[in-house]
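The opening position of the sequence shown corresponds to residue 0 in numbering that gives the first Met the number 0, with each subsequent residue numbered one higher. C-beta atoms are modelled at their ideal positions from N, C-alpha and C, and glycine is treated no differently.
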Amino acid sequence: MIAALLVGCGGSSPPPPVELTFPLPLDAPLPCAPSCAREEAARVGVHRALGWLAAHTPDTDELRVDLPIMYPEMLRVWRSELLVAEQQRMVAGLDSGTDPRRRAWDPSARLPEGPPTWTPTPGQKVTPNYALVEALYCTERGMRPEASTWVCAELRDGGGVYSAHAAWIEALAVRNGCLTREATCLDELRDELIAGALADRPLTTTLERDEFGEQILFGKMAGAESRALQPAIDRLLGLQDESGSFGAPTRDEPPWYAVHATLVGAAALTLWLEGP
C-alpha cells in the first residue's frame, strides 16, 4: 500500500507529500527523516512500546487477547520480526478456537452454525464483544441493522471508551462490506472522538491515558484525518516514558493497565502515521 505523507517543515508553502510504501521497516528511520520529525518520533515511539510490551506481557495473562487482536492492524503498517514473534507468542496459548474474537487474527475462524446468541434490545447494557463478534464474522453471517442501531444508540458514550469501541465495531462492519458508511453513525463517532482527544484534561492515571489513546486510535478507524489529530499525537508522544511504556508513573495500579495503555498508544501512533 502506498500513502502520501504530508511532512510539516514550516515555511510559507507546504512541502510536497512524501509517498510511503507500507509496510515500513519498524527498526529503521522513515524515508522522509529527518524532515518529518513528528512522523519519525511516532515510529520510534511504536518501536520502543513494542520492546516494552515484549518484556512486560506474560504469555499466561488471561487478558492478553487484546494484543493479538490489535497486532494485525499494526502489521499492515510495519515490517518487524519482533512484532511477528510477539503476535505468534500471544496467539500460541489462545488459538484453541474457544474465543470467537480469534477471527481478528485468524481469517479462517468460523462461528458455530445457528442463529445469533445475542438479541440487541433498546436500553440494553452488555459487553461490546457481542457486537464486535457480529462485525468480525459479518462477511459470512451478516450484520443485523438492529445490532448497528444498538451500537449507535446504546453503546456510545459521547466520545469516551464506549464510543471508541462503537467506532471500532462500525468500522469493521464497513471494512468487511456488511454496512455502508451512510448506514452507520461513524461520522458522529469520528467527531466525538476527535473532540475527546483534543480536549484539555488531565491524564494523570493510566486509565485516563488509555482512554486518550483509544480516542485517537478508534477516531482514526472512524475516519478522522491524521492532520486533525496532530495536537493529540504530540501529547501522546509526551506521555511515553524512557522505557517505552505509556502507563502513568508511580501509580498503584494493576500491571495490566500499563500493558493495555501501551498497546493502545502504539496502535494509535501506527494508524495516525498510516494516514490520511
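**Request:** Name the two residues that bound the continuous alpha helix (DSSP H) containing ASP209.
**Result:** Along the sequence shown, one-based indexing puts residue 209 at 210. First-last of the alpha helix (DSSP H) with ASP209: 205 to 220.
**Request:** Given a cut-off of 8 Å, decide if TYR256 and THR205 are closer than it, judged by their beta-carbon atoms.
**Result:** Position 206 of the sequence shown, counted from the first residue, corresponds to residue 205. Position 257 of the sequence shown, counted from the first residue, corresponds to residue 256. Closer than 8 Å, so yes.
**Message:** To test your reading of the DSSP string, which unbroken alpha helix (DSSP H) runs of 4 or more residues are found completely within the stretch 160 to 198?
**Reply:** 160 to 174 and 185 to 197
**Prompt:** Run through DSSP, which three-state label would THR20 get?
**Reply:** Here the question's residue 20 lines up with position 21 in the sequence shown. Reduced to three states, the DSSP call for THR20 is strand.
**Request:** Check whether the Cβ atoms of VAL263 and GLY212 sit closer than 8 Å, and answer yes or no.
**Result:** Counting from one through the sequence shown, the residue named residue 263 turns up at place 264. Counting from one through the sequence shown, the residue named residue 212 turns up at place 213. Yes, the Cβ-Cβ distance between VAL263 and GLY212 is below 8 Å.
**Message:** Taking 6 Å as the limit between beta carbons, can you name the residues of its chain near ARG47, skipping five residues before and five after?
**Reply:** Against the sequence shown, residue 47 aligns to sequence position 48. Excluding sequence neighbours, ARG47 sits near GLY243.
**Item:** Whether ALA146 touches GLU133 by CB criterion (8 Å)
**Value:** Taking the sequence shown and counting its residues from 1, one reaches residue 146 at position 147. Taking the sequence shown and counting its residues from 1, one reaches residue 133 at position 134. A contact, by the Cβ cut-off of 8 Å.
**Item:** Contacts around THR138, its chain only, beta-carbon distance under 6 Å, and the 5 residues preceding and following it disregarded
**Value:** Looking up residue 138 in the sequence shown gives position 139. ASN175.
**Request:** Look at the Cβ atom of ARG75, then the Cβ atom of PRO24, and state whether they are nearer than 8 Å.
**Result:** Counting from one through the sequence shown, the residue named residue 75 turns up at place 76. Counting from one through the sequence shown, the residue named residue 24 turns up at place 25. No.
**Prompt:** What number of angstroms, rounded off, separates the C-alpha of GLY237 from the C-alpha of GLY113?
**Reply:** Here residue 237 refers to the residue found at position 238 when the sequence shown is read from its first residue. Here residue 113 refers to the residue found at position 114 when the sequence shown is read from its first residue. The alpha-carbon atoms of GLY237 and GLY113 are separated by roughly 49 Å.
**Bounding residues of the alpha helix (DSSP H) (the contiguous stretch that carries MET142)** = Counted from its first residue, the sequence shown places residue 142 at position 143. Looking at the DSSP string, MET142 is not in any alpha helix (DSSP H), and its letter there is neither H nor E.
**Item:** CA-to-CA distance, LEU270 to ILE193, given in whole angstroms
**Value:** Sequence index remark: in the sequence shown, residue 193 carries index 194 (1-based). Sequence index remark: in the sequence shown, residue 270 carries index 271 (1-based). Their backbone Cα atoms lie some 14 Å apart in a straight line.
**Message:** For LEU19 and PRO115, what's the separation of their Cα atoms in angstroms?
**Reply:** As a position in the sequence shown, residue 19 is number 20, starting the count at 1. As a position in the sequence shown, residue 115 is number 116, starting the count at 1. Approximately 42 Å between the Cα atoms of the pair.
**Item:** Sequence-distant residues of the same chain with beta carbon closer than 6 Å to GLY44, five excluded per side
**Value:** Your numbering for residue 44 matches position 45 in the sequence shown. Correct list, in chain order: LEU236, GLN239 and LEU268.
**Message:** Going by beta-carbon coordinates alone, are LEU185 and ALA221 separated by less than 8 Å?
**Reply:** Here residue 185 refers to the residue found at position 186 of the sequence shown. Here residue 221 refers to the residue found at position 222 of the sequence shown. Contact flag set, yes.
**Prompt:** If you draw a straight line from the alpha carbon of ARG234 to that of THR261, how long is it in whole angstroms?
**Reply:** As a position in the sequence shown, residue 234 is number 235, starting the count at 1. As a position in the sequence shown, residue 261 is number 262, starting the count at 1. Cα to Cα, ARG234 sits roughly 14 Å from THR261.
**Message:** Please report the straight-line C-alpha distance between ALA223 and LEU188, rounded to a whole angstrom.
**Reply:** If you number the sequence shown from 1, residue 223 lands on position 224. If you number the sequence shown from 1, residue 188 lands on position 189. ALA223 and LEU188: Cα-Cα distance of roughly 10 Å.
**Asked** Would the C-beta of TYR161 count as close to the ligand PLP, meaning under 7 Å from any of its heavy atoms?
**Response** Only the bare structure without any ligand can be found here, which leaves the ligand PLP out of the picture.
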